[in-house]
Amino acid sequence: MKKILVLLSLVCVWPLTGHAQDVDGKAETEFQANNGPVAPVDPDEGNEVVPVYPPTNGPLSLSYAADLEFGSHKFNGKESSFLAENYTVTQVATNKAKQYPPFVQINDLRGSGAGWTLAVKQNSPLAKENGVEIANSQFKISALSAESPHGMTQQPSTLYSKNVSNNGETVPIISAKEGEGMGTWTIFLGDMGSQNPELSVPLASVKETGRYQTSLTWILQDVL
């Protein structure tokens, strides 16, 4: 008798009857206000540039304020107006020089979006080292635009065109409302041409030839 051996291959699938276990974890970080100085940067390229004056400290700070140079002019004894020259900045890493209209650069790193105001004050009359003054001269300064070198979009929306004179008055130039002006912003005070800051000298107020100068104080504060 022949015997037949039949081999059966059994595949058994056993369902998993246990319960999946979930564990929740955390990922967190903390941002704090920056209380140190912030180096000024090229308005277009965002690279660090050589400062004119040391940047101020604090989460709401000034890192750059261009001097206003009005050049050399012939003494004519008449009322005259002069435009500020364009300004040259120098990149720290490459020594590359670029020209811009005069500008002020501010930093709002408070993280609150509370807004701010930038103002300016003339501290003394235009005068020579020997004390001779130009009486009743004034500057016309306009905030033409505010641009972010880092791509921020909520730019300050209130821009002023103001006359600045030696009367002790603090004059607003630009304001950021709540939710505006966070990060680093370059405030351009001109357009490389006819809208640069303007110096007006009254009729017959120049008594002597020579170099005249004054100082301006830029004031950055919480929005009023």
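Under mature numbering (1 follows the signal peptide of the UniProt record, and there is no 0), read the sequence shown as residues -20 to -1, 1 to 204, first letter to last.
Positions of the beta carbon are idealized from the N, C-alpha and C atoms, including for glycine.
**Rounded distance between the beta-carbons of residue 178 and residue 95, thought under 8 Å** = Along the sequence shown, read from residue 1 onward, the residue named residue 95 stands at position 115. Along the sequence shown, read from residue 1 onward, the residue named residue 178 stands at position 198. In fact, because the Cβ distance is near 28 Å, the residues do not count as touching under 8 Å.
**Asked** According to the Cβ coordinates, are residue 93 and residue 132 closer than 7 Å?
**Response** For the purposes of this step, residue 93 is taken as residue 113 along the sequence shown, with counting starting at 1. For the purposes of this step, residue 132 is taken as residue 152 along the sequence shown, with counting starting at 1. Between residue 93 and residue 132, the C-beta gap is not smaller than 7 Å, which leaves the two residues out of contact.
**Prompt:** Can you name, in chain order, every residue of its own chain whose Cβ lies under 7 Å from the Cβ of residue 37, other than the five neighbours on each side?
**Reply:** The residue given as residue 37 occupies position 57 in the sequence shown. If we look at residue 37 and ignore the five residues flanking it on each side, its Cβ neighbours are 15, 16 and 17.
**Prompt:** What residue from 75, 85, 60 and 74 has the CA that sits closest to residue 46's CA?
**Reply:** By one-based count along the sequence shown, residue 46 stands at place 66. The option with the nearest alpha carbon to residue 46 is 85.
**Prompt:** Straight-line CA distance for residue 134 to residue 154?
**Reply:** Taking the first residue of the sequence shown as position 1, residue 134 is located at position 154. Taking the first residue of the sequence shown as position 1, residue 154 is located at position 174. Taking the straight line from one Cα to the other gives about 14 Å.
**Item:** With 16 other Cβ atoms within 10 Å as the buried cut-off, status of residue -16
**Value:** On the sequence shown, residue -16 is found 5 positions in, with the first residue counted as 1. For residue -16, the predicted model reports a pLDDT of 40, less than 50, meaning its position is unreliable and no value from the coordinates is stated.
**Request:** Kindly indicate which residue of 98, 63 and 55 has the alpha-carbon position closest to the one of residue 176.
**Result:** On the sequence shown, position 196 is the one that residue 176 refers to. Per the Cα distances, 63.
**Prompt:** For the stretch 76 to 103, which segments carrying the alpha helix (DSSP H) assignment without a break, of at least 4 residues, lie completely within its bounds, in sequence order?
**Reply:** none
**Message:** Using 8 Å for Cβ pairs, my map puts residue 20 next to residue 116. What's the rounded Cβ distance?
**Reply:** The residue labelled residue 20 in the question sits at position 40 within the sequence shown. The residue labelled residue 116 in the question sits at position 136 within the sequence shown. That belief does not hold up - the Cβ atoms of residue 20 and residue 116 are roughly 34 Å apart, past 8 Å.
**Asked** Can at least three beta-carbon pairs, one atom from the stretch 70 to 79 and one from the stretch 119 to 130, be found at a separation below 8 Å?
**Response** no
**Asked** Secondary structure at residue 7, three-state DSSP: helix, strand or coil?
**Response** Taking the first residue of the sequence shown as position 1, residue 7 is located at position 27. Reduced to three states, the DSSP call for residue 7 is coil.
**Prompt:** The beta strand (DSSP E) with residue 144 in it runs from where to where?
**Reply:** Along the sequence shown, one-based indexing puts residue 144 at 164. 141 to 145 is the extent of the beta strand (DSSP E) around residue 144.
**Item:** According to DSSP, residues forming a beta bridge with residue 152
**Value:** Within the sequence shown, residue 152 is the residue found at index 172, counting from 1. Note: residue 152 sits in a beta bridge opposite 99.
**Identity of the residues DSSP links to residue 127 by a beta bridge** = Residue 127 sits at position 147 when you count from the first residue of the sequence shown. DSSP lists 166 as partners of residue 127.
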